[in-house]
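In this note's numbering, the protein residues as written are 3 to 287.
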(Lines of atoms letter the chains of each structure in order from A; the text may use other names.)
(Lines give C-alpha, C1' and ligand atoms only; values in the text may rest on other atoms or scores of the structure.)
Protein backbone atom coordinates (compact mmCIF):
# COMPACT_ATOMS: atom_id res chain seq x y z
CA UNK A 3 0.00 0.00 0.00
CA UNK A 4 1.39 3.39 -1.04
CA UNK A 5 0.78 6.24 1.41
CA UNK A 6 1.36 9.87 0.44
CA UNK A 7 1.76 12.69 2.96
CA UNK A 8 1.20 16.27 1.80
CA UNK A 9 3.08 19.28 3.19
CA UNK A 10 5.84 16.86 4.16
CA UNK A 11 8.42 19.64 4.46
CA UNK A 12 6.41 21.16 7.32
CA UNK A 13 6.80 20.15 10.93
CA UNK A 14 3.64 18.04 11.22
CA UNK A 15 3.98 16.44 7.79
CA UNK A 16 7.60 15.51 8.44
CA UNK A 17 6.70 14.07 11.84
CA UNK A 18 3.98 11.92 10.23
CA UNK A 19 6.46 10.61 7.63
CA UNK A 20 8.87 9.70 10.43
CA UNK A 21 6.11 7.98 12.39
CA UNK A 22 5.17 5.97 9.30
CA UNK A 23 8.82 4.96 8.87
CA UNK A 24 8.68 3.38 12.33
CA UNK A 25 5.63 1.30 11.34
CA UNK A 26 6.08 0.43 7.66
CA UNK A 27 8.72 0.23 4.93
CA UNK A 28 10.03 3.43 3.37
CA UNK A 29 9.08 2.00 -0.04
CA UNK A 30 5.43 2.43 0.98
CA UNK A 31 5.76 6.16 1.75
CA UNK A 32 5.71 9.14 -0.61
CA UNK A 33 6.32 12.68 0.62
CA UNK A 34 4.61 15.54 -1.22
CA UNK A 35 5.99 19.06 -0.88
CA UNK A 36 5.47 22.35 -2.67
CA UNK A 37 9.28 22.66 -2.68
CA UNK A 38 10.45 19.03 -3.01
CA UNK A 39 14.08 19.69 -2.07
CA UNK A 40 12.91 20.74 1.39
CA UNK A 41 11.66 17.19 2.02
CA UNK A 42 14.63 15.24 0.66
CA UNK A 43 16.05 14.76 4.16
CA UNK A 44 13.14 12.46 5.06
CA UNK A 45 14.70 9.55 3.20
CA UNK A 46 11.61 8.59 1.19
CA UNK A 47 10.42 9.24 -2.36
CA UNK A 48 9.52 12.93 -2.77
CA UNK A 49 7.11 14.32 -5.35
CA UNK A 50 5.90 17.89 -5.97
CA UNK A 51 2.66 18.79 -4.21
CA UNK A 52 1.48 22.38 -4.61
CA UNK A 53 -2.12 22.70 -3.40
CA UNK A 54 -2.75 25.32 -6.11
CA UNK A 55 -1.67 23.04 -8.99
CA UNK A 56 -4.36 20.46 -9.76
CA UNK A 57 -2.52 18.83 -12.68
CA UNK A 58 0.69 18.51 -10.68
CA UNK A 59 -1.19 16.98 -7.75
CA UNK A 60 -2.90 14.44 -9.99
CA UNK A 61 0.44 13.41 -11.50
CA UNK A 62 2.08 13.16 -8.08
CA UNK A 63 -0.74 11.02 -6.66
CA UNK A 64 -0.42 8.29 -9.28
CA UNK A 65 0.03 4.85 -7.63
CA UNK A 66 -1.06 6.25 -4.24
CA UNK A 67 -3.66 4.29 -2.27
CA UNK A 68 -4.02 6.40 0.89
CA UNK A 69 -3.46 10.14 1.24
CA UNK A 70 -2.76 12.25 4.31
CA UNK A 71 -4.03 15.79 3.65
CA UNK A 72 -2.36 18.26 5.99
CA UNK A 73 -4.50 21.37 6.40
CA UNK A 74 -3.03 24.26 4.45
CA UNK A 75 -1.53 27.42 5.91
CA UNK A 76 -3.04 29.94 3.51
CA UNK A 77 -5.83 32.37 4.38
CA UNK A 78 -9.09 30.58 5.29
CA UNK A 79 -10.92 31.62 2.12
CA UNK A 80 -8.11 30.21 -0.03
CA UNK A 81 -7.72 26.95 1.88
CA UNK A 82 -11.08 25.51 0.90
CA UNK A 83 -10.29 25.65 -2.81
CA UNK A 84 -6.76 24.38 -2.28
CA UNK A 85 -8.01 21.41 -0.29
CA UNK A 86 -10.64 20.73 -2.98
CA UNK A 87 -7.80 20.58 -5.52
CA UNK A 88 -6.13 17.86 -3.46
CA UNK A 89 -9.39 15.90 -3.09
CA UNK A 90 -10.19 16.19 -6.81
CA UNK A 91 -6.66 15.12 -7.79
CA UNK A 92 -6.85 12.17 -5.41
CA UNK A 93 -10.08 10.97 -6.97
CA UNK A 94 -8.73 11.33 -10.50
CA UNK A 95 -5.51 9.50 -9.57
CA UNK A 96 -7.32 6.52 -8.03
CA UNK A 97 -6.61 7.20 -4.36
CA UNK A 98 -9.04 5.20 -2.20
CA UNK A 99 -8.70 6.85 1.24
CA UNK A 100 -8.07 10.35 2.59
CA UNK A 101 -7.04 11.18 6.14
CA UNK A 102 -7.40 14.88 6.96
CA UNK A 103 -5.69 16.87 9.71
CA UNK A 104 -8.34 19.24 11.02
CA UNK A 105 -8.36 21.23 14.26
CA UNK A 106 -10.40 21.92 17.38
CA UNK A 107 -11.54 25.41 18.32
CA UNK A 108 -14.35 27.95 18.44
CA UNK A 109 -16.45 27.78 15.28
CA UNK A 110 -17.96 31.24 15.86
CA UNK A 111 -17.15 34.67 17.30
CA UNK A 112 -13.34 34.57 17.54
CA UNK A 113 -10.58 35.67 15.18
CA UNK A 114 -9.63 31.98 14.83
CA UNK A 115 -13.17 30.95 13.86
CA UNK A 116 -12.69 31.54 10.09
CA UNK A 117 -9.86 28.98 10.18
CA UNK A 118 -12.08 26.51 12.05
CA UNK A 119 -14.94 27.11 9.60
CA UNK A 120 -12.67 26.47 6.60
CA UNK A 121 -11.52 23.23 8.20
CA UNK A 122 -15.10 22.15 8.85
CA UNK A 123 -15.89 22.78 5.17
CA UNK A 124 -12.97 20.58 4.14
CA UNK A 125 -14.13 17.91 6.59
CA UNK A 126 -17.49 17.96 4.80
CA UNK A 127 -15.80 17.86 1.38
CA UNK A 128 -13.69 14.86 2.46
CA UNK A 129 -16.74 13.04 3.82
CA UNK A 130 -18.65 13.68 0.59
CA UNK A 131 -15.75 12.73 -1.70
CA UNK A 132 -16.91 9.16 -2.21
CA UNK A 133 -13.57 7.91 -0.85
CA UNK A 134 -12.88 6.21 2.45
CA UNK A 135 -11.98 8.86 5.01
CA UNK A 136 -10.78 9.55 8.54
CA UNK A 137 -10.64 12.99 10.17
CA UNK A 138 -8.46 14.03 13.07
CA UNK A 139 -9.20 17.23 14.95
CA UNK A 140 -5.92 18.33 16.47
CA UNK A 141 -5.65 19.88 19.89
CA UNK A 142 -3.47 22.97 20.35
CA UNK A 143 0.26 22.29 19.96
CA UNK A 144 2.12 22.63 23.25
CA UNK A 145 5.51 23.11 21.55
CA UNK A 146 5.14 26.88 20.92
CA UNK A 147 4.89 27.45 24.69
CA UNK A 148 8.02 25.34 25.22
CA UNK A 149 9.89 27.27 22.52
CA UNK A 150 8.80 30.56 24.10
CA UNK A 151 10.26 29.76 27.52
CA UNK A 152 13.04 32.37 27.42
CA UNK A 153 10.51 35.09 26.56
CA UNK A 154 8.31 33.93 29.42
CA UNK A 155 11.29 34.05 31.77
CA UNK A 156 12.09 37.61 30.72
CA UNK A 157 8.48 38.61 31.33
CA UNK A 158 8.30 36.61 34.58
CA UNK A 159 4.97 35.20 33.53
CA UNK A 160 2.91 33.23 31.05
CA UNK A 161 0.41 35.75 29.78
CA UNK A 162 -2.68 35.35 27.60
CA UNK A 163 -6.46 35.70 27.64
CA UNK A 164 -7.38 32.06 28.32
CA UNK A 165 -8.17 32.76 31.97
CA UNK A 166 -9.27 29.60 33.77
CA UNK A 167 -10.30 27.84 30.55
CA UNK A 168 -8.91 24.34 30.04
CA UNK A 169 -7.04 23.40 26.87
CA UNK A 170 -6.58 19.93 25.41
CA UNK A 171 -3.00 20.39 24.28
CA UNK A 172 -1.09 17.85 22.21
CA UNK A 173 2.36 17.42 20.64
CA UNK A 174 3.34 16.95 17.02
CA UNK A 175 4.98 13.65 17.90
CA UNK A 176 1.81 12.28 19.47
CA UNK A 177 -0.29 13.50 16.54
CA UNK A 178 2.13 11.95 14.07
CA UNK A 179 1.84 8.52 15.68
CA UNK A 180 -1.96 8.71 15.73
CA UNK A 181 -2.11 9.76 12.07
CA UNK A 182 0.26 6.97 11.05
CA UNK A 183 -2.10 4.46 12.67
CA UNK A 184 -5.13 6.10 11.05
CA UNK A 185 -3.43 5.82 7.66
CA UNK A 186 -2.40 2.19 8.08
CA UNK A 187 -5.49 0.72 9.78
CA UNK A 188 -8.85 0.46 8.01
CA UNK A 189 -10.75 0.16 11.29
CA UNK A 190 -10.62 3.96 11.62
CA UNK A 191 -12.45 4.62 8.36
CA UNK A 192 -15.52 6.81 8.73
CA UNK A 193 -14.46 8.21 12.13
CA UNK A 194 -13.72 11.73 13.35
CA UNK A 195 -11.34 11.83 16.32
CA UNK A 196 -10.42 14.61 18.73
CA UNK A 197 -6.66 14.20 19.10
CA UNK A 198 -5.45 15.75 22.35
CA UNK A 199 -4.08 14.96 25.77
CA UNK A 200 -5.60 15.72 29.15
CA UNK A 201 -7.03 19.25 29.31
CA UNK A 202 -5.14 21.64 31.59
CA UNK A 203 -5.47 25.28 32.63
CA UNK A 204 -2.87 27.97 32.04
CA UNK A 205 -2.07 27.88 35.76
CA UNK A 206 -1.32 24.15 35.47
CA UNK A 207 0.77 24.76 32.35
CA UNK A 208 2.71 27.42 34.24
CA UNK A 209 3.47 25.00 37.06
CA UNK A 210 4.65 22.34 34.59
CA UNK A 211 6.89 24.91 32.89
CA UNK A 212 8.34 25.98 36.23
CA UNK A 213 9.21 22.39 37.12
CA UNK A 214 10.69 21.52 33.75
CA UNK A 215 12.73 24.70 33.27
CA UNK A 216 13.55 25.64 36.86
CA UNK A 217 11.60 28.87 36.44
CA UNK A 218 9.47 31.02 38.74
CA UNK A 219 6.72 32.05 36.36
CA UNK A 220 3.22 33.10 37.35
CA UNK A 221 0.17 33.05 35.11
CA UNK A 222 -1.05 36.51 34.13
CA UNK A 223 -4.60 36.61 32.73
CA UNK A 224 -5.32 39.40 30.26
CA UNK A 225 -8.44 40.61 28.50
CA UNK A 226 -8.91 39.42 24.94
CA UNK A 227 -8.34 42.95 23.61
CA UNK A 228 -5.18 43.53 25.66
CA UNK A 229 -3.71 40.20 24.60
CA UNK A 230 -4.62 40.87 20.97
CA UNK A 231 -2.80 44.22 21.10
CA UNK A 232 0.20 42.54 22.72
CA UNK A 233 0.41 39.80 20.08
CA UNK A 234 -0.10 42.18 17.16
CA UNK A 235 2.75 44.35 18.45
CA UNK A 236 5.12 41.35 18.38
CA UNK A 237 3.81 39.22 15.53
CA UNK A 238 1.92 41.52 13.19
CA UNK A 239 -1.76 42.03 12.56
CA UNK A 240 -2.75 38.70 10.99
CA UNK A 241 -0.88 36.23 13.21
CA UNK A 242 -1.38 38.30 16.36
CA UNK A 243 -5.13 38.47 15.79
CA UNK A 244 -5.40 34.73 15.08
CA UNK A 245 -3.44 33.79 18.21
CA UNK A 246 -5.69 36.01 20.32
CA UNK A 247 -8.63 34.16 18.75
CA UNK A 248 -7.16 30.79 19.70
CA UNK A 249 -6.82 31.81 23.35
CA UNK A 250 -10.28 33.38 23.35
CA UNK A 251 -11.56 29.97 22.26
CA UNK A 252 -9.76 28.38 25.22
CA UNK A 253 -11.34 30.95 27.53
CA UNK A 254 -14.76 29.99 26.15
CA UNK A 255 -14.18 26.25 26.66
CA UNK A 256 -13.87 25.40 22.95
CA UNK A 257 -10.54 23.59 23.39
CA UNK A 258 -11.70 21.45 26.32
CA UNK A 259 -13.12 18.45 24.47
CA UNK A 260 -13.37 14.69 25.06
CA UNK A 261 -10.35 13.01 23.45
CA UNK A 262 -10.45 9.97 21.19
CA UNK A 263 -6.66 9.81 20.95
CA UNK A 264 -6.47 6.29 22.42
CA UNK A 265 -9.05 5.04 19.93
CA UNK A 266 -7.05 6.52 17.04
CA UNK A 267 -3.55 5.61 18.22
CA UNK A 268 -4.17 2.35 20.05
CA UNK A 269 -2.53 3.75 23.17
CA UNK A 270 -3.03 6.62 25.58
CA UNK A 271 -1.72 10.11 24.85
CA UNK A 272 1.46 10.91 26.77
CA UNK A 273 0.64 12.36 30.19
CA UNK A 274 1.78 15.90 30.89
CA UNK A 275 3.65 14.64 33.97
CA UNK A 276 5.70 12.36 31.70
CA UNK A 277 6.09 14.89 28.91
CA UNK A 278 7.46 17.61 31.16
CA UNK A 279 9.60 15.12 33.08
CA UNK A 280 11.23 14.20 29.75
CA UNK A 281 11.84 17.89 29.01
CA UNK A 282 13.42 18.35 32.42
CA UNK A 283 15.64 15.30 31.90
CA UNK A 284 16.81 16.72 28.56
CA UNK A 285 17.79 19.97 30.28
CA UNK A 286 19.73 18.21 33.03
CA UNK A 287 23.44 17.64 32.23
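Every residue gets a Cβ at the ideal spot worked out from N, C-alpha and C, and that includes glycine.
Please classify residue 285 as buried or exposed, where buried requires at least 16 other C-beta atoms within 10 Å of its C-beta. So residue 285 counts as exposed.
Could you tell me whether the Cβ atoms of residue 134 and residue 191 are closer together than 8 Å? Less than 8 Å separates the beta-carbon of residue 134 from that of residue 191.
Whole angstroms is fine: what's the gap from residue 96's alpha carbon to residue 89's? Across the structure, residue 96 and residue 89 are spaced so that their CA atoms are roughly 11 Å apart.
Contact check, residue 1 vs residue 55, beta carbons under 8 Å: What is shown of the chain runs 3 to 287, which leaves residue 1 out entirely.
State yes or no: is the C-beta of residue 160 within less than 8 Å of the C-beta of residue 208? Against a cut-off of 8 Å, the Cβ pair of residue 208 and residue 160 comes out as a contact.
CA-CA distance, residue 211 and residue 109? Their backbone Cα atoms lie some 29 Å apart in a straight line.
May I ask you to list the residues that DSSP assigns as paired with residue 223? Its beta-bridge partners are 162.
Anyone know if the C-beta pair for residue 22 and residue 185 falls short of 8 Å? Yes, the pair counts as a contact, with Cβ atoms nearer than the cut-off.
Among 204, 222, 182 and 213, which residue has its Cα nearest to the Cα of residue 25? Minimum Cα distance to residue 25 is reached at 182.
Host beta strand (DSSP E) of residue 6 (start-end): For residue 6, the uninterrupted beta strand (DSSP E) segment begins and ends at 5–7.
Is it buried or exposed, residue 229, if we count other Cβ atoms within 10 angstroms and call 16 or more buried? Buried: at least 16 other Cβ atoms inside 10 Å.
What residue range does the alpha helix (DSSP H) around residue 260 cover? No alpha helix (DSSP H) contains residue 260, which DSSP labels as neither H nor E.
Meets three-Cβ-pair contact criterion under 8 Å: the region 115–124 and the region 261–281: Taking 8 Å as the limit for Cβ pairs, the verdict is that the region 261–281 does not touch the region 115–124.
Length of the line joining the Cα atoms of residue 253 and residue 167: One C-alpha to the other measures close to 4 Å.
Put residue 203 into one of helix, strand or coil per three-state DSSP. Residue 203 falls in the coil class under three-state DSSP.
Exposure label - residue 92; buried when at least 16 CB within 10 Å: It is buried - the Cβ of residue 92 has at least 16 other Cβ atoms within 10 Å.
With 16 as the cutoff for other CB atoms within 10 Å, does residue 27 come out buried or exposed? The residue is exposed, with fewer than 16 neighbouring Cβ atoms inside 10 Å.
Give the straight-line distance between the Cα atoms of residue 129 and residue 103, rounded to the nearest whole angstrom. The alpha-carbon atoms of residue 129 and residue 103 are separated by roughly 13 Å.
Euclidean distance between Cα positions of residue 140 and residue 101: If you take the alpha carbons of residue 140 and residue 101, they lie about 13 Å apart.
Does the distance from the C-beta atom of residue 107 to that of residue 257 stay below 8 Å? Yes, they are a contact pair.
Alpha carbon of residue 53 to alpha carbon of residue 70, nearest angstrom: In a straight line, the C-alpha of residue 53 is about 13 Å away from that of residue 70.
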